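Colleague:
Residue numbers (the numbering used here), protein chains in the order written: chain A, 26 to 151; chain B, 26 to 151.
1. Using the Cα positions of residue 90(A) and residue 134(A), report the straight-line distance between them to the nearest angstrom.
2. Taking all protein chains shown into account, do 16 or more other C-beta atoms lie within 10 angstroms of the C-beta of residue 36(A), making it buried, or fewer, making it exposed?
3. Secondary structure at residue 112(B), three-state DSSP: helix, strand or coil?
4. Around the Cβ of residue 84(A), are there at least 16 other Cβ atoms within 10 angstroms (buried) or fewer (exposed)?
5. Okay, do the stretch 55–74 of chain B and the stretch 126–140 of chain B touch, 3+ Cβ pairs below 8 Å being the bar?
6. Apply the 10 Å Cβ neighbour rule to residue 112(A) and answer buried if 16 or more other Cβ atoms are within range, or exposed otherwise.
7. Among 141(A), 127(A) and 119(A), which one has its Cα closest to the Cα of residue 56(A)?
8. Would you tell me roughly how many angstroms separate the C-alpha atoms of residue 34(B) and residue 125(A), rounded to the nearest one?
9. If we cut at 8 Å on Cβ distances, does residue 41(B) have a partner in chain A?
10. Using beta carbons (cut-off 8 Å, strictly below), is residue 38(A) in contact with chain B?
11. Please tell me whether residue 153(A) and residue 46(B) are closer than 8 Å, where the distance is taken between their beta carbons.
12. Counting only Cβ-Cβ distances shorter than 9 Å, please list the residues of the stretch 57–90 of chain B near chain A, keeping chain order.
13. From residue 28(B) to residue 99(A), what distance separates their C-alpha atoms?
14. What in chain A is Cβ-close to residue 124(B), meaning under 7 Å?
15. Looking only at its chain, what residues have a beta carbon closer than 7 Å to the beta carbon of residue 114(B), apart from the 5 residues adjacent to it on each side?
16. Would a check of beta-carbon distances place residue 132(B) closer than 8 Å to chain A?
17. Quick one, which residues of the stretch 101–114 of chain A are near chain B if we go by CB-CB under 8 Å, in chain order?
18. Please report whether the beta-carbon of residue 53(A) lies at a distance below 8 Å from any beta-carbon of chain E.
19. Would you call residue 93(B) buried or exposed, if buried means 16 or more other Cβ atoms sit within 10 Å of its Cβ?
20. Check the C-beta distance from residue 53(B) over to residue 122(B) and give it rounded, since I have them as a contact under 8 Å.
21. Of all the beta strand (DSSP E) runs that stay within the bounds of the stretch 42–85 of chain A, which reach a length of 3 or more residues?
22. Where does residue 81(A) land, buried or exposed, given buried means 16+ other C-beta within 10 angstroms?
23. Just checking my contact of residue 86(B) with residue 86(A) at CB under 8 Å: how many whole Å lie between their CB atoms?
24. What residue range is occupied by the uninterrupted beta strand (DSSP E) comprising residue 131(B)?
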């Protein structure tokens, strides 16, 4: 899922392990009709799953797309996997939107993060 | 690490679990001087790690970058983590190239893949 907000995307933070993540790597077809509407709908749905932590998405123009979704535990991921609209979207994805994809589901054992310190700004002149 | 080949990127395949992956999500700074040379050098180095399986990379222009590297086992990932040039590059990344990043290291428990069937081509006329 891509981010639909206008704010600049920032990486999802490092949560305290263990937690789960699903890495979905895709190469798209030429025909992307209906994709963005479905993507927005799935983004709303996944936010309703208890234990959903967030999603990172990056898309190289004309190249690989990577979506990483994070979940507190395996149960949360199982609930998302069983969602009826999610399953229908997966089926449509294989029929129309994806040339190829790989899904890797994993338990996070270690995580860390970095955020650059803000450079202090001098007072602005009036 | 990005792919430096001219061939269209395809997703790294689904290996037989368990295997390991490191998900590195980044937001870059304006100053990317020296980044691409270091990236190319690291790509060569990681290929020399026994048990290295491959890397997926996607970069939204002006937005999030995601790099996922796959390893056969935790030992392979530990070797890569300990590489001296890799560690120096990480330090330079924090000093110059990254506004923020998150690293998630995980054990893959389940994986699957899909590749669209080729549409048969009729014989071309001479």
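Where is the CB? At the ideal position from N, CA and C, for every residue including glycine.
Since this is a predicted model, take the numbers as computed values, not measurements.
Modeller: Result, derived from the coordinates:
1. As a first step, residue 90(A) must be located in the first chain, where it is residue number 65. As a first step, residue 134(A) must be located in the first chain, where it is residue number 109. Linking residue 90(A) to residue 134(A) through their CA atoms gives a straight-line distance of about 24 Å.
2. Position 11 of the first chain, counted from the start, is the residue given in the question as residue 36(A). Counting Cβ neighbours within 10 Å, residue 36(A) comes out buried, since at least 16 surround it.
3. Position 87 of the second chain, counted from the start, is the residue given in the question as residue 112(B). Of the three classes helix, strand and coil, the one that applies to residue 112(B) here is helix, per DSSP.
4. On the first chain, position 59 is the one that residue 84(A) refers to. Residue 84(A) comes out buried.
5. Verdict: no, contact absent.
6. Numbered from 1 along the first chain, position 87 holds the residue referred to as residue 112(A). It counts as exposed.
7. Stepping through the first chain from its first residue, residue 56(A) is reached at position 31. Taking residue 56(A) as reference, the option from 141(A), 127(A) and 119(A) with the minimal CA-CA separation is 119(A).
8. For the purposes of this step, residue 34(B) is taken as residue 9 along the second chain, with counting starting at 1. For the purposes of this step, residue 125(A) is taken as residue 100 along the first chain, with counting starting at 1. Within the model, the alpha-carbon separation for residue 34(B) versus residue 125(A) is close to 11 Å.
9. Taking the first residue of the second chain as position 1, residue 41(B) is located at position 16. Chain A, which has no Cβ nearer than 8 Å to the Cβ of residue 41(B), makes this no.
10. For the purposes of this step, residue 38(A) is identified with residue 13 of the first chain, where counting begins at 1. For residue 38(A), the answer is yes, since a Cβ of chain B falls inside 8 Å of its Cβ.
11. This structure gives no information on residue 153(A), because the portion of chain A shown stretches from 26 to 151.
12. Those would be 81, 82, 83, 84, 85, 86, 87, 88, 89 and 90, in chain order.
13. Here the question's residue 28(B) lines up with position 3 in the second chain. Here the question's residue 99(A) lines up with position 74 in the first chain. Note that residue 28(B) has pLDDT 47, beneath the 50 cutoff, so the model's placement of it is unreliable and the number below is only indicative. Each residue's alpha carbon lies about 32 Å from the other.
14. Within the second chain, residue 124(B) is the residue found at index 99, counting from 1. The contacting residues are 141.
15. In the second chain, the residue the question calls residue 114(B) occupies position 89. For residue 114(B), where only same-chain residues beyond five positions count, the Cβ hits under 7 Å are 63 and 67.
16. The residue you call residue 132(B) lines up with position 107 of the second chain. At least one chain A Cβ lies under 8 Å of residue 132(B).
17. Those residues of the stretch 101–114 of chain A that come within reach of chain B (Cβ to Cβ, closer than 8 Å) do not exist; the list is empty.
18. The displayed structure is made up of protein chains A and B, and chain E is not among them.
19. Taking the second chain and counting its residues from 1, one reaches residue 93(B) at position 68. Buried, since its Cβ has 16 or more Cβ neighbours within 10 Å.
20. Reading the second chain from its first residue, position 28 is the one you call residue 53(B). Reading the second chain from its first residue, position 97 is the one you call residue 122(B). With a Cβ gap of about 6 Å, residue 53(B) and residue 122(B) count as contacting.
21. Every unbroken stretch of the beta strand (DSSP E) spanning 3 or more residues and falling wholly within the stretch 42–85 of chain A is given here in chain order: 44–53 and 77–84.
22. Numbered from its first residue, the first chain carries residue 81(A) at position 56. Buried is the call here.
23. On the second chain, position 61 is the one that residue 86(B) refers to. On the first chain, position 61 is the one that residue 86(A) refers to. Going by Cβ atoms, the distance from residue 86(B) to residue 86(A) rounds to 7 Å, so yes, they are a contact pair.
24. If you number the second chain from 1, residue 131(B) lands on position 106. Taken as a continuous stretch (DSSP letters only), the beta strand (DSSP E) holding residue 131(B) covers 123–140.
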